[in-house]
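Protein chains in written order, with the working numbering: chain A, 234 to 539; chain B, 9 to 368. Note that the Cβ used here is the ideal one computed from N, Cα and C, for glycine as well. Scroll down for the structure; my scribbles are underneath it.
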């Protein structure tokens, strides 16, 4: 029996004319790693900051751990851990001092030494925050979110701006938290991150949820195809590509072309003939499974980044 | 309570690790004292060079000249009016006292006689030390004219016990200035924390805003007492400025002064979006206060059109009370007036800060 720990219904938030969050409803279950995936400005941060009690909604109801955010926010705050999108720390405090300080804000706290080891900052406990690298700072920020042994962990774009190695080490920490039974609510605009970490993903755009399911189901529902990508030397009309044998759909963005097909050999041989017939030299050709990126592209007509 | 204490310690750690903050809080006022003390201590030892012009041959005029001769720090130069005034302009005299013709006649008839003192008002020491001495001499002399001449010896002692050096006036003034600076910049860490989203991050914990403010203000108040002790110690060790008053009153006044300026700092920083926008505003307020609040120039020598400003700024009142407590200086206002003005500013600024402080 799973109980929803986050219940959002009809949530709205506008900044002047701009509807940052537009009638969003969803539930997050206990122990789930739930992701909000979307481009910048889609309303992810606004949504998560409302859940964290940092912004007040215009309309809709939000309950976290069964408590109403308008009336019982202080109780909620004691039981959740928060990492903000922009890492904000006291620059002149050391790692250990900062964790000790934040631990004092909560009724209960975890063992700080274990926490420092968990996030891999054991060698830097006396280093001042301003002297930490981007990856270390991000891990410290996650550690701060874990300091009160929260039931729910909110992570707003936890790996933005990190190099792949730092990103993977942070993923380990997040997965570890998930294994410990914590509910994780994270936002991201990285497809791989959502696919790798999340049990369920809400795809958001322009303040609305346009799809919500497990990453596998999202891909399966939208695509039975695989994707063939390549760089063309010049613009090729989409109609011509969609006429190729085995190709179900084609997308061309400048010189970058994506073909979707249920039969890769058929589509590839048709494409080769087409290229030869038109004297086109194709480069960077590769074949892959459809991903969330393709889902997003299909649902919105745009790529998620930029 | 645990969070309050931890935040207080965090403030302290950040403060100690931030070298410029340390410098402005402790080294800056101490440097001022050392600098000005050194400049003016020389003048003290070599006495005041005072020109004396006697244009009256009466017994009264001679008696007055004699009385001036008893003032140990005066080196008198008797001469003709023009010559002495020229010497004053040339900087060879700190003041020229002119006893015009007719003093004796006026006194004999029971009327007012005139004694003129010429001085350069830009010389703070003259205004703060020399003029009060002359005033005393005149007052005591006046009394001896009416009463028995044997009182004259008593005059000398009266003058000496009240003789305050420039540095005695200066150290309490610097303490007042230092408290002002400590307070008026008090909101800066909070503004920076807001700008860096540290306040936002703490807002996502059960921590109350009042705890954040209380720890920040509490830290400043502790700092103000430490700062007062450092300044008093330096004044004592280097220039032998004796703290003659009651320590309990002194600490009370230091805390009231610090609290007033902390509130002012919060009021000034309330609407500022960033440290960069708050800073010019704070500077624009603190510099006039520094120069008009009686720290460097005596309040008495301010031109009339600035009087309303001088009368309004809290630094004047804080400095006045600190001078009275620390070196038993003569009062501009009673302590009650000083405390009421400071408390008034405190409450007004506090209300503004609470009403307008921007948290996000």
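Taking 8 Å as the cut-off, decide whether the C-beta atoms of residue 270 of chain A and residue 501 of chain A are in contact.
-> Taking the first chain and counting its residues from 1, one reaches residue 270 of chain A at position 37. Taking the first chain and counting its residues from 1, one reaches residue 501 of chain A at position 268. No, these two residues do not count as a Cβ contact at 8 Å.
contact_flag[the stretch 441-452 of chain A, the stretch 502-511 of chain A] where n(CB pairs < 8 Å) is 3 or more = no
Can you list, in chain order, the residues of the stretch 183-199 of chain B whose Cβ is nearer than 7 Å to any Cβ on chain A?
-> none
For residue 322 of chain B, count neighbouring C-beta atoms within 10 Å of its own C-beta (all shown protein chains included) and say buried if the count is 16 or more, exposed if not.
-> The residue you call residue 322 of chain B lines up with position 314 of the second chain. Classification for residue 322 of chain B: buried.
Keeping to the same chain, check which residues put their C-beta closer than 7 Å to that of residue 134 of chain B; ignore five residues upstream and five downstream.
-> Along the second chain, read from residue 1 onward, the residue named residue 134 of chain B stands at position 126. For residue 134 of chain B, where only same-chain residues beyond five positions count, the Cβ hits under 7 Å are 102, 103, 127, 128.
Beta-carbon proximity list for residue 488 of chain A, same chain, < 6 Å, skipping 5 on both sides = Numbered from 1 along the first chain, position 255 holds the residue referred to as residue 488 of chain A. Counting only Cβ-Cβ distances below 6 Å, and skipping sequence neighbours, we find 464, 465.
What's the gap between the Cα of residue 295 of chain A and the Cα of residue 244 of chain A?
-> Along the first chain, one-based indexing puts residue 295 of chain A at 62. Along the first chain, one-based indexing puts residue 244 of chain A at 11. Looking at the two C-alpha atoms, the distance is approximately 7 Å.
Could you give the C-beta distance for residue 187 of chain B and residue 249 of chain B, rounded to a whole number, given that I count them as a contact under 8 Å?
-> As a first step, residue 187 of chain B is located in the second chain; it is residue number 179 there, counting from the start. As a first step, residue 249 of chain B is located in the second chain; it is residue number 241 there, counting from the start. With 8 Å as the limit, residue 187 of chain B and residue 249 of chain B do not qualify as a contact, their Cβ atoms being about 17 Å apart.
Can you list the residues of chain A that residue 215 of chain B reaches, using a CB-CB cut of under 7 Å?
-> Here the question's residue 215 of chain B lines up with position 207 in the second chain. Here the neighbours are 338.
Could you tell me which of A:427, A:460, A:284 sits nearest to residue 408 of chain A, measuring between CA atoms?
-> To locate residue 408 of chain A, count along the first chain from 1; it is residue 175. For the residues A:427, A:460, A:284, the minimum Cα distance to residue 408 of chain A belongs to A:427.
Inspect the beta-carbon positions of residue 437 of chain A and residue 275 of chain A and report whether they are closer than 8 Å.
-> In the first chain, the residue the question calls residue 437 of chain A occupies position 204. In the first chain, the residue the question calls residue 275 of chain A occupies position 42. Closer than 8 Å, so yes.
Determine the chain B residues that contact residue 285 of chain A at a beta-carbon separation under 7 Å, and present them in chain order.
-> For the purposes of this step, residue 285 of chain A is taken as the residue at position 52 of the first chain. Result: 212.
Name the residue from A:248, A:256, A:277, A:265 whose alpha carbon lies nearest to the alpha carbon of residue 420 of chain A.
-> Working through the first chain from its first residue, we reach residue 420 of chain A at position 187. Residue 420 of chain A has its Cα closest to that of A:277, out of A:248, A:256, A:277, A:265.
Out of curiosity, what's the CA-to-CA distance linking residue 16 of chain B and residue 342 of chain B?
-> By 1-based counting over the second chain, the position of residue 16 of chain B is 8. By 1-based counting over the second chain, the position of residue 342 of chain B is 334. In a straight line, the C-alpha of residue 16 of chain B is about 35 Å away from that of residue 342 of chain B.
Chain B contact residues for residue 379 of chain A, given Cβ-Cβ distances below 8 Å = Stepping through the first chain from its first residue, residue 379 of chain A is reached at position 146. What residue 379 of chain A touches in chain B: nothing, since even the nearest Cβ is about 13 Å away.
Cβ-based neighbour list, residue 314 of chain B, same chain, cut-off 7 Å, excluding 5 preceding and 5 following = For the purposes of this step, residue 314 of chain B is taken as the residue at position 306 of the second chain. Correct list, in chain order: 300.
Euclidean distance between Cα positions of residue 230 of chain B and residue 350 of chain B = Counting from one through the second chain, the residue named residue 230 of chain B turns up at place 222. Counting from one through the second chain, the residue named residue 350 of chain B turns up at place 342. Rounded to the nearest angstrom, the two C-alpha atoms are 19 Å apart.
Examine the Cβ distances between the stretch 267-284 of chain B and the stretch 195-207 of chain B and report whether three or more of them are shorter than 8 Å.
-> yes
DSSP on residue 385 of chain A, reduced to helix/strand/coil?
-> Translated into positions along the first chain, residue 385 of chain A becomes position 152. Correct three-state label for residue 385 of chain A: strand.
Are residue 380 of chain A and residue 342 of chain A close, meaning C-beta to C-beta below 8 Å?
-> One-based indexing of the first chain puts residue 380 of chain A at position 147. One-based indexing of the first chain puts residue 342 of chain A at position 109. Contact: yes.
Just confirm the distance between the C-beta atoms of residue 66 of chain B and residue 111 of chain B, as a whole number of angstroms; I'd bet it's less than 8 Å.
-> Translated into positions along the second chain, residue 66 of chain B becomes position 58. Translated into positions along the second chain, residue 111 of chain B becomes position 103. That pair is a contact at about 6 Å.
Cα-Cα separation between residue 443 of chain A and residue 262 of chain A, rounded to whole angstroms = Start at 1 with the first residue of the first chain, and residue 443 of chain A comes out as number 210. Start at 1 with the first residue of the first chain, and residue 262 of chain A comes out as number 29. Each residue's Cα considered, the two are about 20 Å apart.
Using a C-beta to C-beta distance shorter than 9 Å, which residues of chain B count as neighbours of residue 261 of chain A?
-> Reading the first chain from its first residue, position 28 is the one you call residue 261 of chain A. The premise fails here: residue 261 of chain A is roughly 18 Å from chain B at the closest Cβ pair, so nothing lies under 9 Å.
Evaluate residue 371 of chain A with the Cβ neighbour count: other Cβ atoms within 10 Å of its Cβ, from every protein chain shown; 16 or more gives buried, anything less gives exposed.
-> Numbered from 1 along the first chain, position 138 holds the residue referred to as residue 371 of chain A. Residue 371 of chain A comes out buried.
Whole-angstrom distance between residue 254 of chain A and residue 280 of chain A, CA atom to CA atom = Position 47 of the first chain, counting from 1, holds the residue named residue 280 of chain A. Position 21 of the first chain, counting from 1, holds the residue named residue 254 of chain A. Answer to the nearest angstrom: the Cα atoms are 7 Å apart.
Starting from residue 124 of chain B, trace the beta strand (DSSP E) both ways and give me its first and last residue.
-> The residue you call residue 124 of chain B lines up with position 116 of the second chain. Element bounds for residue 124 of chain B: 123-127.
Just checking my contact of residue 365 of chain A with residue 316 of chain A at CB under 8 Å: how many whole Å lie between their CB atoms?
-> The residue you call residue 365 of chain A lines up with position 132 of the first chain. The residue you call residue 316 of chain A lines up with position 83 of the first chain. Residue 365 of chain A to residue 316 of chain A, Cβ: 15 Å. No contact.
Three-state class that DSSP yields for residue 55 of chain B in the structure shown | Taking the second chain and counting its residues from 1, the one referred to as residue 55 of chain B is at position 47. In this structure, residue 55 of chain B counts as coil in the three-state DSSP scheme.
Name, in chain order, the residues that DSSP records as bridge partners for residue 299 of chain B.
-> Taking the second chain and counting its residues from 1, one reaches residue 299 of chain B at position 291. Paired residues: none, contrary to the question.
Using the Cα positions of residue 358 of chain A and residue 537 of chain A, report the straight-line distance between them to the nearest angstrom.
-> The residue labelled residue 358 of chain A in the question sits at position 125 within the first chain. The residue labelled residue 537 of chain A in the question sits at position 304 within the first chain. Approximately 37 Å between the Cα atoms of the pair.
Interface partners of residue 26 of chain B on chain A, CB under 7 Å = Reading the second chain from its first residue, position 18 is the one you call residue 26 of chain B. Simply 325.
For the candidate residues A:506, A:472, A:495, whose alpha-carbon lies nearest to that of residue 484 of chain A?
-> Here the question's residue 484 of chain A lines up with position 251 in the first chain. Answer by Cα proximity: A:472.
Examine chain A for any beta-carbon lying closer than 8 Å to the beta-carbon of residue 29 of chain B, and answer yes or no.
-> Counted from its first residue, the second chain places residue 29 of chain B at position 21. No, residue 29 of chain B does not count as interfacial toward chain A.
Based on Cα-Cα distance, which residue from A:456, A:506, A:478 lies nearest to residue 530 of chain A?
-> Counted from its first residue, the first chain places residue 530 of chain A at position 297. When only C-alpha atoms are compared, the closest one is A:456.
Pick helix, strand or coil for residue 522 of chain A, following the three-state DSSP scheme.
-> Position 289 of the first chain, counted from the start, is the residue given in the question as residue 522 of chain A. Looking at residue 522 of chain A - three-state DSSP - the assignment turns out to be strand.
Using 8 Å as the limit for Cβ to Cβ distance, is residue 220 of chain B near chain A?
-> One-based indexing of the second chain puts residue 220 of chain B at position 212. So no, residue 220 of chain B is outside the interface.
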